[in-house]
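Respectively, the protein sequence lines represent chains A and B. Residue numbers are given in the UniProt record's numbering: position 43 of the first sequence equals residue 43, and the series is strictly consecutive. Residue numbers are given in the UniProt record's numbering: position 134 of the second sequence equals residue 134, and the series is strictly consecutive. Don't be surprised by glycine CBs; every beta carbon is placed ideally from N, CA and C.
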Amino acid sequence: MSEKQLHEDQFYITGLKENNTSVIQAIYKKFVPKVIQHIKNNNGSEAEAQDVVQEVLITIYQQATEKKLQLTCPFDAYFFLLCKRKWLNELKKSSQKEVTFLNENVSKDESLQEMVFQTETFSEKQALFDLMFQQLGEKCKEVLRLSFVTKSMEEVAVKLGVTYAYVRKKKSLCTGQLTQLIRESVHYQSLKNK
Amino acid sequence: MQEEMYFAFEQYLGNEMNLEDRAAFEKKLLEDTYWKESFELYQQTHQFLKTKFSGETAAFKQNLKQIALENQSNKNSSKIVPMYSKWFAVAATVVLFCSIWFFMQSNEPKYVEYNQHEKAYFTARSEGVAILKEAQDAFNTKAYESAVGYFEQIPQANRNEEINLYYAIALLEVNKFEQAETLLQAIKSGNSVYKEKAIWYLGLSKLKQKDYSSCKQLLEVLPESADDYNKAQEILEKL
Chain A
1 MSEKQLHEDQ FYITGLKENN TSVIQAIYKK FVPKVIQHIK NNNGSEAEAQ DVVQEVLITI
61 YQQATEKKLQ LTCPFDAYFF LLCKRKWLNE LKKSSQKEVT FLNENVSKDE SLQEMVFQTE
121 TFSEKQALFD LMFQQLGEKC KEVLRLSFVT KSMEEVAVKL GVTYAYVRKK KSLCTGQLTQ
181 LIRESVHYQS LKNK
Chain B
1 MQEEMYFAFE QYLGNEMNLE DRAAFEKKLL EDTYWKESFE LYQQTHQFLK TKFSGETAAF
61 KQNLKQIALE NQSNKNSSKI VPMYSKWFAV AATVVLFCSI WFFMQSNEPK YVEYNQHEKA
121 YFTARSEGVA ILKEAQDAFN TKAYESAVGY FEQIPQANRN EEINLYYAIA LLEVNKFEQA
181 ETLLQAIKSG NSVYKEKAIW YLGLSKLKQK DYSSCKQLLE VLPESADDYN KAQEILEKL
């Protein structure tokens, strides 16, 4: 990735990462209408289209925040293909709706394919992590949530009415337990090597 | 064993290890594949949780929702124009009539457009300081009723033209035109630096009483050198 040249549209990624309202506005003005139109033309409603757009933008935000998301293709194509494929997956999931469009992978642009692949893999991982988090015990969920929401572990200890040493230990244990759940899931095995 | 490993990961990520422990930890990462894999997943999980619960992520989602909504409602309203056009026409008509009314109203200049008085600062050099200070403060805070009350208590002999001018303005504000104008006339016929001010305020007094022709007559004689000359011209133009 790094040897490839960064695309000038990287500022959209940076703008999303920084929650820059004017950049998000620009994305909504320039690129979103096309996506909405496409989804509406393919058995989707306006609301469903809006959901797809928001979910894709959130994924890009998360990827930009957690990894270094470096755009090597135009944002327009990248964003559109992500939304399009996401909608295709939605349609496949709810099989009542007939899939009417084909060849979603016609693009020969390698950078674009690579970018979309990376983001989709990232998104799948996020979904898996989220799912596994839900399977943790209530106590663990609470300790983890508080550890990341609260400024200091001392405060977390006060909130939970336990000692500082205990809460620190518990945080590492719960995170460890979550990694265990993730590691043991079948889906992770297939994702790991991507 | 597992517990210790996770705790070590947490300490390493939290930068809580001393140099020695850190070096040992990093060495272990290189040598022990299981340790290394576990750490990488731990790190990813840690990062995932951090983003999931961060205030920034919540703010981003909120902002996104807002922007999506704005863009949606723009679209909707442009689509539904035909339905609302009737109401739009009604609203536009109302606005039109309001503005016509407004312009008709504002054809005549209003006293309230011109009653930004200079602040009074006369305490320091007068007798009966206390009461004068009260009058001044009341005047400057636009408590004209009380200002008038205080001014009244100052014996005429102790009042100079400056004090009388502000007294007159306060009277004007509380619509005691006769009294105000008597004071202003006196200043006008005198030779103090407040002469022009007195003319201006006589004009404003007439304006407030909607006696436009007297107002005009007064303001027309206001010399170009007066502070309020431009404002006076503005009023004359409108009249």
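Cβ separation of GLN70/A and LEU6/A, assumed to be a contact under 8 Å, to the nearest whole Å: Going by Cβ atoms, the distance from GLN70/A to LEU6/A rounds to 6 Å, so yes, they are a contact pair.
Status (buried if at least 16 other CB within 10 Å, exposed otherwise) for MET1/B: Using a 10 angstroms sphere on the CB of MET1/B, the tally of other CB atoms stays under 16, which defines it as exposed.
Assigned secondary structure, PHE122/B (DSSP; H/G/I helix, E/B strand, else coil): Assigned with DSSP and collapsed to three states, PHE122/B falls in coil, not helix or strand.
Limits of the unbroken alpha helix (DSSP H) element including GLY203/B: Residue range 195 to 208 is occupied by the alpha helix (DSSP H) that includes GLY203/B.
Closest residue to VAL167/A among ILE27/A, LEU144/A and ALA47/A (Cα-Cα distance): Out of ILE27/A, LEU144/A and ALA47/A, LEU144/A has the C-alpha closest to the C-alpha of VAL167/A.
Beta-carbon gap between ILE169/B and TYR28/A smaller than 7 Å: No; because the gap between Cβ atoms is not below 7 Å, this pair is not in contact.
Reduced DSSP category for LYS151/A - H, G, I as helix; E, B as strand; rest coil: Taken through DSSP and simplified to helix, strand or coil, LYS151/A comes out as coil.
Buried/exposed call for ILE80/B, threshold 16 Cβ in 10 Å: Per-residue confidence for ILE80/B stands at a pLDDT of 44, beneath the threshold of 50, marking its modelled position as unreliable; no derived number is given.
Listed by chain order, chain A residues near ASN63/B by CB distance under 7 Å: Near ASN63/B (Cβ distances below 7 Å), the residues of chain A are ASN19, THR21 and ILE24.
Contacting positions in the stretch 145 to 158 of chain A - beta carbon closer than 7 Å to chain B: Listed by position, the residues of the stretch 145 to 158 of chain A near chain B (Cβ gap below 7 Å) are ARG145, PHE148 and VAL149.
C-alpha gap between ASN76/B and GLU46/A, whole angstroms: With a pLDDT of only 48 at ASN76/B, under the threshold of 50, the placement of this residue in the model should not be trusted; the figure read from the coordinates follows. In a straight line, the C-alpha of ASN76/B is about 11 Å away from that of GLU46/A.
CB of ALA232/B within 7 Å of CB of LEU219/B, strictly: With respect to LEU219/B, ALA232/B sits close: the two C-beta atoms are nearer than 7 Å.
Backbone CA spacing between MET132/A and VAL149/A [nearest angstrom]: C-alpha separation (whole angstroms): 19 Å.
Nearest residue (CA-CA) to LEU112/A, options ASP76/A, LEU128/A and ASN89/A: Out of ASP76/A, LEU128/A and ASN89/A, ASP76/A has the C-alpha closest to the C-alpha of LEU112/A.
Close-in-space but distant-in-sequence residues of the same chain around residue 253/B (CB under 6 Å, 5 per side omitted): There is no way to answer for residue 253/B, as the model of chain B reaches only from 1 to 239.
Under 7 Å by beta carbon: chain A residues contacting LYS60/B: At residue 60/B the sequence reads Phe, which differs from the Lys that was named. Those are ASN19 and TYR61, listed as they occur along chain A.
N-terminal and C-terminal residue of the alpha helix (DSSP H) that THR21/A is part of: From DSSP, the alpha helix (DSSP H) with THR21/A extends over 21 to 30.
Assigned secondary structure, VAL112/B (DSSP; H/G/I helix, E/B strand, else coil): Reduced to three states, the DSSP call for VAL112/B is helix.
Proximity winner among HIS187/A, LYS4/A and GLN126/A, relative to ALA64/A (alpha-carbon distances): Each of HIS187/A, LYS4/A and GLN126/A was checked against the Cα of ALA64/A, and the nearest Cα belongs to GLN126/A.
Coil, strand or helix - LEU69/A by DSSP: Residue state, collapsed to three classes: coil.
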